[in-house]
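Visitor: Quick one: this structure, given as structure tokens, is what I'll be asking you about.
Protein chains: 2
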Amino acid sequence: MDMQNFEKELLSCLPEKDDKIKTVISSMEYSLSAGGKRIRPFLVLEFAKLCGGSEENAMPFACAVEMIHTYSLIHDDLPCMDNDDLRRGKLTNHKVFGEAAALLGGDGLLTLAFETALSEKAVSLNGYEKCAKAALTLAQYAGAVGMIGGQIIDLESENKQVPLETLQIMDEKKTGALIAAACVMGCISAGASDEQIQAAKDYAMNIGITFQIVDDMLDITSDTATLGKTVGSDIENNKSTYVSLLGLDECQKISSELTEKAVECLDNFDGDTTELKNFAYYLRDRKK
Amino acid sequence: MDMQNFEKELLSCLPEKDDKIKTVISSMEYSLSAGGKRIRPFLVLEFAKLCGGSEENAMPFACAVEMIHTYSLIHDDLPCMDNDDLRRGKLTNHKVFGEAAALLGGDGLLTLAFETALSEKAVSLNGYEKCAKAALTLAQYAGAVGMIGGQIIDLESENKQVPLETLQIMDEKKTGALIAAACVMGCISAGASDEQIQAAKDYAMNIGITFQIVDDMLDITSDTATLGKTVGSDIENNKSTYVSLLGLDECQKISSELTEKAVECLDNFDGDTTELKNFAYYLRDRKK
């Protein structure tokens, strides 16, 4: 993925900063341009290419999924949720624009995601059917049964021990669902088969859970300087994690198994799967 | 509009109250079933019928626009916005479920609106093209350039005098935009012409501003018992209103002119416009 091009495309989706509504557009722009790994857009574009489509056609869907991810971070950082002052070393949205504009900026990005996936440009590249299917996929995975459902489970699990099953359902929803939306939207853009869409979902869920298990392991095994955030916070917060429930060795084993499963899912595709294979291994082996 | 049927259809769009995500679904359900005049769904269905379509086909769009309206009320009532404890005599969402679940419930309804407009059912009734166009319309009018833009102008106009132009732009966005989305979505469901869609927009904007002018007038001329909310609050809050800027007589005159304009827009349609005419007069003449 050409990162510079993606950043340009992403910001070009924002409405003009008309004088009277400048505050809310600035709030949206601030968080949208705050960086991040852009994992979900990468997955949209890679799955599109893998299924014989193009980056250009899939680009509106890549932007849409990143808008959903960004709005979820803005709302997650609000005082009534995690109450965070910093994200990626920058002030959180509400610390810059105030709570009301952060709330509305998040709402604006959530709405803009659907406007982007169904835009004239998206339709001229993909047609009505693919755009409608991609936007529906996004709504389903981002909604109360998907990502938002994961957030409510997370909230209700705070400061208490939860069983492994709850942890897994939470992560499938909170992290896995939007990653799955990304992979499936890429497939839809390229006109992939139902079998391929199912394989993309399975790949997504396996790397999504791996991502979370590795996160929990790094909270124990890494140091604050490498990780760029405070280690040991899970123990301090008395939080159930994969490590606290299963131990480090079992986590290592499971994350490797899930990664192999993810890689096997890619056998359902004829194209070049190198990038997506490497990405699965990268998530397993990352040190931060 | 068969109100009982609409309420049933609306609630049937909610996901199952799966144990782990029960809180957020309950939050969504609480506000969705809290009543209200259902003006926007009525307009969707009426314009659909006027353009030769059916209530059944337009129903998913009617539900979608009411979900957007409902989420905007939940977020508007939050402490960081208007900080209201009561709405229509019932506790506001965050007073029942807490701020976090209210925030997420609002996000859930906003997302569910697009899921509903693009659902399998909506597509089987209207086809991909109409669903994609209707959902795009909803996103455009509900987004930062539309309703959300109106909310930010409202926030930034608090406790200060603003010129008539600002008041008008704010109301066009805050109230008019979603009413316009409703009218246009009805037209889209019925396959109306571009001219009819434009006429529906004009009707919407004229009744939307009339609605707001009458609201401002009632704050002066009504009494608390009739209105069901405290009168005189605009003066107390030193708020610029149509009445404070133009006077009662001029407001009376303008609201009548706008209503006549709205009614004239209906000349662009061949069907029976009685209901929509009466609705425009009702908004002008209402006493609460």
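Sequences listed follow chains A and B, in order. If you use the working numbering, the first sequence closes out at 356, no skipped numbers anywhere. If you use the working numbering, the second sequence closes out at 356, no skipped numbers anywhere. All C-beta atoms, glycine included, are put in the ideal place defined by N, C-alpha and C. Values in this document were obtained by computation on a predicted structure and should not be read as measured data.
#1: Any contact of the region 222-242 of chain B with the region 307-327 of chain B, i.e. 3+ C-beta pairs under 8 Å?
#2: I'd like to know if A/E233 contacts chain B, where contact means its C-beta is closer than 7 Å to some C-beta of that chain.
#3: Any beta-carbon of chain B closer than 7 Å to the one on A/I220?
#4: Do A/A126 and A/A116 count as a contact pair if the criterion is CB distance below 7 Å?
#5: Mind checking the region 81-101 of chain B against chain A and listing, in chain order, the residues whose C-beta falls within less than 9 Å of any C-beta there?
#6: Looking at chain A, which residues of the region 236-268 of chain B have a Cβ within less than 9 Å of any of its Cβ atoms?
#7: Does chain B have any CB closer than 7 Å to the CB of A/M149?
#8: For A/G174, which residues from the same chain have a beta carbon less than 6 Å from its beta carbon, with the 5 sequence-adjacent residues on both sides left out?
#9: Have a look at B/L180, B/I93, B/L154 and B/C119 and flag the residue whose alpha-carbon is nearest the alpha-carbon of B/I136.
#10: Buried or exposed: which applies to A/S323, given that a residue is buried once 16 or more other Cβ atoms fall within 10 Å of its Cβ?
#11: Pull up the distance between the alpha-carbon of A/A267 and that of A/L177, whole angstroms please.
#12: With distances taken from CA atoms, which of B/L82, B/D239, B/S95 and B/F110 is nearest B/F74?
#13: Can you find the residues in the same chain that come closer than 7 Å, C-beta to C-beta, to B/E332, ignoring five residues on each side of it along the sequence?
#14: A/P128 and A/A168: beta carbons closer than 7 Å?
#15: Quick one, which residues of the region 196-227 of chain A are near chain B if we go by CB-CB under 7 Å, in chain order?
#16: Quick one: residues in its chain with C-beta nearer than 8 Å to the C-beta of B/N151, no 5 flanking neighbours on either side, listed in chain order?
#17: Excluding five sequence neighbours on each side, which residues of the same chain lie with their C-beta closer than 7 Å to the C-beta of A/C81?
#18: Shorter than 7 Å from the beta carbon of B/T327 to some beta carbon of chain A?
#19: Tell me the residue span of the alpha helix (DSSP H) that contains A/G218.
#20: Do three or more CB pairs link the region 202-222 of chain A to the region 237-251 of chain A at distances below 8 Å?
#21: Using the beta-carbon count (16 or more within 10 Å), is A/D239 buried or exposed?
#22: So, with DSSP's three-state summary, where would you put A/K158?
#23: What's the gap between the Cα of A/S301 and the Cα of A/I220?
#24: In whole angstroms, what is the alpha-carbon distance linking B/I237 and A/K201?
#25: Please classify A/T205 as buried or exposed, where buried requires at least 16 neighbouring CB atoms within 10 angstroms.
#26: Looking only at its own chain, which residues have a Cβ that is under 8 Å from the Cβ of B/D222, when we skip the five neighbours before and after it?
#27: What are the boundary residues of the alpha helix (DSSP H) that A/A267 is part of?
Guide: On the basis of the coordinates in this document:
#1: yes
#2: In the first sequence, the residue the question calls residue 233 of chain A occupies position 165. So, not an interface residue.
#3: Looking up residue 220 of chain A in the first sequence gives position 152. Judged by the 7 Å Cβ criterion, A/I220 is in contact with chain B.
#4: For the purposes of this step, residue 116 of chain A is taken as the residue at position 48 of the first sequence. For the purposes of this step, residue 126 of chain A is taken as the residue at position 58 of the first sequence. Yes; because the gap between Cβ atoms is below 7 Å, this pair is in contact.
#5: L82, P83, E84, D86, K88, I89, K90, T91, V92, I93, S95 and M96
#6: I237, M238 and K241
#7: Taking the first sequence and counting its residues from 1, one reaches residue 149 of chain A at position 81. Yes - at least one Cβ of chain B is within 7 Å of the one on A/M149.
#8: Here the question's residue 174 of chain A lines up with position 106 in the first sequence. Hits under 6 Å: Y139, I142 and H143.
#9: On the second sequence, residue 136 of chain B is found 68 positions in, with the first residue counted as 1. Looking at the Cα atoms, B/L180 is the closest of the given residues.
#10: Looking up residue 323 of chain A in the first sequence gives position 255. A/S323 should be labelled buried.
#11: The sequence position of residue 267 of chain A within the first sequence is 199, counting from 1. The sequence position of residue 177 of chain A within the first sequence is 109, counting from 1. Going by the C-alpha atoms only, they are around 29 Å apart.
#12: Locating residue 74 of chain B in the second sequence gives position 6, where the first residue counts as 1. It is B/F110 whose Cα lies nearest to the Cα of B/F74.
#13: Within the second sequence, residue 332 of chain B is the residue found at index 264, counting from 1. Contacts found: none.
#14: Residue numbering aside, residue 128 of chain A sits at position 60 when the first sequence is read from its first letter. Residue numbering aside, residue 168 of chain A sits at position 100 when the first sequence is read from its first letter. Not closer than 7 Å, so no.
#15: Y196, E197, C199, A200, A203, L204, A207, Q208, A210, G211, A212, V213, I216, G217, Q219, I220, I221, L223 and E224
#16: As a first step, residue 151 of chain B must be located in the second sequence, where it is residue number 83. So the list reads D145, once near-sequence residues are dropped.
#17: As a working mapping, residue 81 of chain A is identified with position 13 in the first sequence. The answer, listed in chain order, is C131, L180 and T184.
#18: Walking along the second sequence from the start, residue 327 of chain B turns up at place 259. Not an interface residue.
#19: Taking the first residue of the first sequence as position 1, residue 218 of chain A is located at position 150. From DSSP, the alpha helix (DSSP H) with A/G218 extends over M215 to E224.
#20: yes
#21: Here residue 239 of chain A refers to the residue found at position 171 of the first sequence. A/D239 should be labelled buried.
#22: Within the first sequence, numbered from 1, the residue matching residue 158 of chain A stands at position 90. Of the three classes helix, strand and coil, the one that applies to A/K158 here is strand, per DSSP.
#23: Position 233 of the first sequence, counted from the first residue, corresponds to residue 301 of chain A. Position 152 of the first sequence, counted from the first residue, corresponds to residue 220 of chain A. Going by the C-alpha atoms only, they are around 20 Å apart.
#24: Taking the first residue of the second sequence as position 1, residue 237 of chain B is located at position 169. Taking the first residue of the first sequence as position 1, residue 201 of chain A is located at position 133. Distance between the alpha carbons of B/I237 and A/K201 is about 34 Å.
#25: Locating residue 205 of chain A in the first sequence gives position 137, counting from the first residue. Its Cβ being crowded by 16 or more others within 10 Å, A/T205 is buried.
#26: For the purposes of this step, residue 222 of chain B is taken as residue 154 along the second sequence, with counting starting at 1. Excluding positions up to five away in sequence, the list reads M238 and K242.
#27: Your numbering for residue 267 of chain A matches position 199 in the first sequence. Taken as a continuous stretch (DSSP letters only), the alpha helix (DSSP H) holding A/A267 covers D262 to T289.
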